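Novice:
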Amino acid sequence: MQIAPSILAADFTCLGEEIRKVAGADYIHLDIMDGHFVPNISYGPELVASLRPLTKIPFDVHLMLEHPRFYIPAFHKAGADLITFHVECKDSIQETLDAIQSRGIKAGLVLKPGTPVEALWPWIDRIDLVLIMTVEPGFGGQRFMPLMLEKVRKIKERAPHIPVEVDGGVNEETIEACAWADVDICVAGSGVFRAKDPEQALKKLQSY
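The sequence shown lines up with residues 428 to 635 when you count with the numbering used here.
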């Protein structure tokens with residue numbers, strides 16, 4: 428299993444050291460929140476840019492924004508390798524995908540728990556990845572929603588070539604269900620950064 432540790436759960440007083448603890452990660456997951464699409468506000472492209480020189484691990488940038496298209500140039504400049512945004516956003520999905528992919532960045536669409544998987548179908552041949560939220564977006568440390576894995580099954584039936592990532596509540600207790608569902612990438616925040624030994628926690632999750 429590929430694992431993307433989420434910076435949202437890291438210690439912000441020593442982010443450089445936190446990044447070094449997960450040097451074996453497959454991606455670094457960065458949650459960008461605007462206080463409108465979700466209630467919380469996190470950080471912006473400046474923080475992403477400050478972390479970019481510290482690692483060669485691909486940056487997986489998750490835009491929880493009402494208007495993601497406007498911010499694509501800034502996150503491209505900051506060093507994003509993959510940008511995902513919500514199918515529920517207020518911008519044109521087509522134009523936002525174009526803005527990402529025209530810059531040579533991989534583009535993915537995200538589904539909230541309450542959004543049916545069928546909302547992806549008009550774009551399924553355009554995207555590089557699907558991100559399924561297994562918690563309500565905007566807050567870390569929530570309980571995993573196993574019923575969301577049914578969306579993974581439907582995506583794999585419709586488009587088996589597209590990687591599927593899940594985000595929310597992934598830890599040693601829940602990752603086995605993700606593996607059985609044929610998930611490709613799991614975002615893990617508290618399950619890695621708040622473990623006694625983040626490096627070993629990461630390796631254990633990757634072993635599934």
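The C-beta atom is built at its ideal place from N, Cα and C for all residues, glycine as well.
Just so you know, these numbers come straight off a predicted model, no measurement behind them.
(1) Spatial neighbours of lysine 517 within its chain, please: C-beta separation below 8 Å, excluding the five flanking residues on both sides.
(2) May I ask you to report which of helix, strand or coil DSSP gives lysine 623?
(3) State the start and end residues of the unbroken alpha helix (DSSP H) segment that holds glutamine 429.
(4) Closer than 7 Å by C-beta to glycine 565: which residues in its own chain qualify, once you throw out the five before and the five after it? Chain order, please.
(5) Curious, which full-length beta strand (DSSP E) runs of at least 3 residues does the segment 480 to 524 contain?
(6) Going by the C-beta, is phenylalanine 464 closer than 6 Å to any heavy atom of the ligand ZN?
(7) Taking the alpha-carbon positions, what's the glutamate 545 to threonine 440 distance?
(8) Quick test of the definition: if touching needs 3 or more C-beta pairs under 8 Å, does the segment 508 to 528 touch the segment 469 to 483?
(9) Does the contact criterion of 3 or more C-beta pairs under 8 Å hold for the segment 604 to 616 versus the segment 586 to 595?
(10) Is DSSP giving lysine 539 helix, strand or coil here?
(11) Just curious, the alpha helix (DSSP H) that cysteine 613 is in, first and last residue?
(12) How about valine 557 and isoleucine 582: are their beta carbons less than 7 Å apart?
(13) Grab me the residues of alanine 586's own chain with a C-beta within less than 7 Å of its C-beta, minus the 5 sequence neighbours each way, in chain order.
(14) By a C-beta neighbour count over all protein chains shown, 10 Å radius and 16 as the cutoff for buried, is leucine 509 buried or exposed?
(15) Taking serine 519 as the reference, which of Leu536, Lys578, Ala436 and Pro540 has the closest Cα?
(16) In three-state DSSP terms, what is alanine 534?
(17) Output the distance between the C-alpha atoms of serine 634 and leucine 524, rounded to the nearest integer angstrom.
(18) Determine the contact status of glutamine 569 and glycine 541, defining contact as a CB-CB distance below 7 Å.
(19) Mind checking which residues open and close the beta strand (DSSP E) that includes leucine 457?
(20) Do alanine 615 and proline 485 have their C-beta atoms within less than 7 Å of each other?
Specialist: This is what the structure gives:
(1) Taking the sequence shown and counting its residues from 1, one reaches residue 517 at position 90. Within the same chain, lysine 517 has close Cβ partners Glu493 and His494.
(2) For the purposes of this step, residue 623 is taken as residue 196 along the sequence shown, with counting starting at 1. Here lysine 623 sits in coil by DSSP.
(3) Locating residue 429 in the sequence shown gives position 2, where the first residue counts as 1. That residue, glutamine 429, is in no alpha helix (DSSP H); its beta strand (DSSP E) goes 429 to 432.
(4) One-based indexing of the sequence shown puts residue 565 at position 138. So the list reads Met460, Val465, Pro466, Asn467 and Met491, once near-sequence residues are dropped.
(5) The segment 480 to 524 contains these whole beta strand (DSSP E) runs: 486 to 491 and 509 to 513.
(6) Summarising the ligand content, the structure contains no ligands, and the ligand ZN is consequently not present.
(7) By one-based count along the sequence shown, residue 545 stands at place 118. By one-based count along the sequence shown, residue 440 stands at place 13. Their backbone Cα atoms lie some 41 Å apart in a straight line.
(8) no
(9) yes
(10) The residue labelled residue 539 in the question sits at position 112 within the sequence shown. Residue state, collapsed to three classes: coil.
(11) Your numbering for residue 613 matches position 186 in the sequence shown. No alpha helix (DSSP H) holds cysteine 613; the beta strand (DSSP E) holding it covers 612 to 615.
(12) As a position in the sequence shown, residue 557 is number 130, starting the count at 1. As a position in the sequence shown, residue 582 is number 155, starting the count at 1. Result yes, Cβ atoms of valine 557 and isoleucine 582 sit closer than 7 Å.
(13) As a working mapping, residue 586 is identified with position 159 in the sequence shown. Cβ neighbours of alanine 586 beyond the five flanking positions: Ile551.
(14) Numbered from its first residue, the sequence shown carries residue 509 at position 82. Looking at its Cβ environment, which holds 16 or more other Cβ atoms inside 10 Å, leucine 509 is buried.
(15) Sequence index remark: in the sequence shown, residue 519 carries index 92 (1-based). Looking at the Cα atoms, Leu536 is the closest of the given residues.
(16) Working through the sequence shown from its first residue, we reach residue 534 at position 107. Strand.
(17) Counted from its first residue, the sequence shown places residue 634 at position 207. Counted from its first residue, the sequence shown places residue 524 at position 97. Going by C-alpha positions, serine 634 is about 33 Å away from leucine 524.
(18) As a first step, residue 569 is located in the sequence shown; it is residue number 142 there, counting from the start. As a first step, residue 541 is located in the sequence shown; it is residue number 114 there, counting from the start. Against a cut-off of 7 Å, the Cβ pair of glycine 541 and glutamine 569 comes out as no contact.
(19) In the sequence shown, counting from the first residue as 1, residue 457 sits at position 30. Segment 455 to 460, the beta strand (DSSP E) holding leucine 457.
(20) To locate residue 615, count along the sequence shown from 1; it is residue 188. To locate residue 485, count along the sequence shown from 1; it is residue 58. In this structure, alanine 615 sits away from proline 485, with a CB-CB distance that is not shorter than 7 Å.
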